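Asker:
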Amino acid sequence: MLTTRPRGTNDILPGEVEKWHYLEKVCRRVCSDFGYQEIRTPIFEHTELFLRGVGETTDIVEKEMYSFYDRGERSITLRPEGTASTVRAFLENKLYAEPQPTKLYYIGPMFRYDRPQAGRYRQFHQFGIEVFGSNHPSVDAEVIGLACTVLEKLQLTGLKVHINTVGCPQCRPRHLKALVDYFSDKKDKLCKTCQERLNKNPLRILDCKSDICRELAKDAPTTRSSACPSCEVHFTKVLKYLDALGIEYVVDPRLVRGLDYYTHTAFEILVEGIGAQSAICGGGRYDGLIEQCGGKPTPGIGFAMGMERLLLTLETKGIDLSQLLTHPDVYIAAIGEKPQEEAFKLAMELRRKGISTEKDYLDKSLKAQLKAADRLGVKYTLILGDEELKARKIVVKEMAKSEQTEIPIDDIINYLERGLKTND
RNA sequence: GUGGAUGUGGCGAAGUGGUUAACGCACCGGAUUGUGGCUCCGGCAUUCGUGGGUUCAAGUCCCAUCAUCCACCCCA
20 MLTTRPRGTN
30 DILPGEVEKW
40 HYLEKVCRRV
50 CSDFGYQEIR
60 TPIFEHTELF
70 LRGVGETTDI
80 VEKEMYSFYD
90 RGERSITLRP
100 EGTASTVRAF
110 LENKLYAEPQ
120 PTKLYYIGPM
130 FRYDRPQAGR
140 YRQFHQFGIE
150 VFGSNHPSVD
160 AEVIGLACTV
170 LEKLQLTGLK
180 VHINTVGCPQ
190 CRPRHLKALV
200 DYFSDKKDKL
210 CKTCQERLNK
220 NPLRILDCKS
230 DICRELAKDA
240 PTTRSSACPS
250 CEVHFTKVLK
260 YLDALGIEYV
270 VDPRLVRGLD
280 YYTHTAFEIL
290 VEGIGAQSAI
300 CGGGRYDGLI
310 EQCGGKPTPG
320 IGFAMGMERL
330 LLTLETKGID
340 LSQLLTHPDV
350 YIAAIGEKPQ
360 EEAFKLAMEL
370 RRKGISTEKD
380 YLDKSLKAQL
390 KAADRLGVKY
400 TLILGDEELK
410 ARKIVVKEMA
420 KSEQTEIPID
430 DIINYLERGL
440 KTND
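When you line the first sequence up against my numbering, it's residues 20 to 443, in that order.
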């Protein structure tokens with residue numbers, strides 16, 4: 020236990036963490052190109068925020084939250100997603116008072132108590148964006164376009180954008196009623212979970228995986244078929260804007276999303292080959308949420324991307340990120356106490372100059388130090404012993420060429436700077 | 001919360017109940033003076049996730065427990 024991490028969490032080790040840096044860099048870069056600014060909110064919030072913001076009947080709230088009482092008897096919850104916190108921050112910091120819309124992004128850990136499996140963890144990481152203050156359909160398309168751009172920059176192609184409209188407060192009740200009407204005489208034929216869904220969340224029957232339910236749901240009223248005229252207009256415009264961007268999509272009438280706050284546009288980006296959890300990105304519009312959280316009626320839209328799933332995807336697509344690994348430029352091998360001392364000082368000096376330098380810390384033999392230098396992949400190994408010290412010189416060995424020369428110690432920085440500049 | 005699979009050194013992986021737990025990789029050291037990548041030699045699990053039990057004898061059988069993986073539910 021002492022040496023075992025909690026279930027569903029991961030250590031991101033050297034060799035792996037470089038990939039995360041790269042992913043984050045791409046996300047930040049694309050966001051900045053699109054005019055989105057980063058926001059960092061707390062990792063925990065008052066539990067009420069998620070009850071209200073995510074929805075009391077969602078699975079997240081009903082069974083997946085990491086909640087606890089702090090020493091002040093306040094109920095605190097580790098954030099299960101990013102939208103609620105972002106909305107809270109938008110309201111609390113009165114960002115609505117600035118020119119609208121507000122375009123934000125976040126990257127960070129989220130927490131859900133769930134059984135781990137491929138692409139699903141209890142602590143996982145999301146990159147997400149939110150736009151508050153515009154219900155313009157081009158924003159819907161832009162948000163999707165941003166997600167696609169990130170994936171493109173990562174050289175991920177062939178991903179499917181699924182899109183649907185889930186309606187608005189006007190047409191949603193109508194649709195729910197139509198659904199219930201449609202299924203009520205077929206109820207006993209539905210699978211057990213769908214029978215429950217009929218009362219609890221009839222929308223979800225539409226994407227049940229059971230063949231029987233699929234068959235039964237084939238002619239069910241879709242959210243689109245029950246959409247009110249304004250929803251339909253919005254949706255067609257979104258599609259038109261997507262066409263304008265040249266983004267390929269599949270209108271998927273069975274796509275519904277699990278969080279209560281979605282309205283109008285809902286979308287997912289799916290990949291094959293990363294296990295059962297195939298959505299690497301999910302999002303949509305939530306025009307009622309900000310009001311729900313105590314703000315003035317303000318439209319909003321966003322998505323979240325699962326970083327672990329992105330990484331899995333990169334892996335299965337065979338996209339090689341190994342060139343991201345960095346290695347030191349210089350290794351200093353020293354023999355003897357006095358040279359070690361000098362090597363220590365020299366290493367520090369080189370590092371301050373921005374020359375990445377490694378040395379021995381275990382009094383290894385020269386042979387072993389050379390071996391270590393080789394494995395680190397340095398360009399130069401400096402060899403320093405009593406003889407060199409006496410002559411105020413240092414041996415510089417260029418590893419790839421197996422050539423070495425003696426350089427006066429005082430010139431070494433210049434020499435290395437020149438040598439490292441030329442190639443790589 | 002439910003179901004299935006797995007659990008031997010840092011990693012991969014042999015091991016039909018019976019003396020000292022293969023092998024490969026990695027790691028460490030050495031092959032005469034202070035020099036890497038190839039080769040050769042040597043070292044590296046009082047112990048088989050943990051705890052019980054069966055047995056003269058268990059890594060090998062049984063039970064429990066924990067963990068991991070995968071799937072369901074749901075979601076990123």
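Ideal placement from N, C-alpha and C gives every residue a C-beta, glycine not left out. Everything numeric in this text was worked out from a predicted model, so none of it was measured.
Roughly how far, in whole angstroms, is the beta-carbon of Val397 from the beta-carbon of Pro347, given that I think they are within contact range, below 8 Å?
Answerer: 5 Å
Asker: Along the beta strand (DSSP E) that carries Gly301, what are the first and last residues, could you check?
Answerer: Ala298 to Arg304
Asker: Can you tell me which of Gly265, Gly152, Ala298 and Asp133 puts its alpha carbon nearest to the alpha carbon of Arg276?
Answerer: Ala298
Asker: What is the DSSP secondary structure of Asn29, reduced to helix, strand or coil?
Answerer: coil
Asker: Three-state secondary structure (DSSP) at Gly72?
Answerer: helix
Asker: Under the three-state reduction of DSSP, which class applies to Pro248: helix, strand or coil?
Answerer: helix
Asker: Please report the Cβ distance between Ile414 and Tyr399, rounded to the nearest whole angstrom; I am assuming they are in contact, meaning their Cβ atoms lie under 8 Å.
Answerer: Going by the sequence as given, residue 414 is Val instead of Ile. The beta carbons of Val414 and Tyr399 sit about 10 Å from each other, so the pair does not count as a contact at 8 Å.
Asker: Per DSSP, Ile148 is paired with what?
Answerer: Tyr124 and Phe322
Asker: Run through the DSSP bridge pairs and tell me what Thr282 is partnered with.
Answerer: Arg304
Asker: What three-state label does DSSP hand Tyr132 in the structure shown?
Answerer: coil
Asker: Using three-state DSSP, classify Asn218 as helix, strand or coil.
Answerer: helix
Asker: Which ranges would you report for the alpha helix (DSSP H) in the region 315-401 if only whole runs of at least 4 residues count?
Answerer: 326-335, 356-371 and 385-395
Asker: Should Ala263 be labelled buried (16 or more other beta-carbon atoms within 10 Å of its own) or exposed?
Answerer: Ala263 should be labelled exposed.
Asker: From what residue to what residue does the beta strand (DSSP E) around Lys82 run?
Answerer: Unbroken run through Lys82 is the alpha helix (DSSP H), Asp78 to Lys82; no beta strand (DSSP E).
Asker: For His181, which of helix, strand or coil comes out of DSSP?
Answerer: Look at His181 here: in three-state DSSP terms it is strand.
Asker: Reducing DSSP to helix, strand and coil, say where His40 ends up.
Answerer: helix
Asker: Are the region 162-180 and the region 336-345 touching, with three or more C-beta to C-beta distances below 8 Å?
Answerer: yes
Asker: Since Gln136 contacts Gly294 with CB under 8 Å, what's their CB separation in whole angstroms?
Answerer: 7 Å
Asker: Going by alpha carbons, who is nearest to Gly147 out of Gly373, Ala392 and Glu43?
Answerer: Glu43
Asker: At a cut-off of 7 Å, would you count Thr241 as near the ligand MN, judging by its Cβ distance to the nearest heavy atom?
Answerer: With respect to the ligand MN, the structure shown offers nothing to examine, as it has no ligands at all.
Asker: In or out: Thr424 buried (at least 16 other Cβ within 10 Å) or exposed?
Answerer: Thr424 is classed as exposed because its beta carbon has fewer than 16 other beta carbons within 10 Å across all chains shown.
Asker: Do Val150 and Gly319 have their beta-carbon atoms positioned less than 8 Å apart in this structure?
Answerer: yes
Asker: Identify every residue that forms a DSSP beta bridge with Leu403.
Answerer: Answer is Ala353, bridged to Leu403.
Asker: If you compare alpha carbons, which of Val257, Gln142 and Arg131 is closest to Arg24?
Answerer: Looking at the Cα atoms, Gln142 is the closest of the given residues.
Asker: Go ahead and label Asn183 buried or exposed: buried means 16 or more other beta carbons lie within 10 angstroms of its beta carbon, across all protein chains shown.
Answerer: buried
Asker: When you compare each of Cys187, Cys232, Ala392 and Glu57 to Arg304 by their alpha carbons, which one comes out closest?
Answerer: Cys187
Asker: So, helix, strand or coil for Tyr88, using DSSP?
Answerer: strand
Asker: Can you check which of these residues, Gly313, Leu381 and Arg48, is closest to Ile351 by C-alpha distance?
Answerer: The shortest C-alpha separation from Ile351 is found at Leu381.
Asker: In the structure shown, what three-state DSSP assignment does Ser203 receive?
Answerer: Correct three-state label for Ser203: helix.
Asker: Once you ignore the five residues that flank Asp379 on each side, which residues in its own chain have a CB closer than 6 Å to its CB?
Answerer: Gln388
Asker: Quick one: grab the DSSP three-state call for Arg273.
Answerer: In the structure shown, Arg273 falls within a coil segment according to DSSP collapsed to helix, strand and coil.
Asker: Hey, could you find the ends of the alpha helix (DSSP H) Glu417 is sitting in?
Answerer: Segment Lys412 to Glu417 is the beta strand (DSSP E) holding Glu417; no alpha helix (DSSP H) there.
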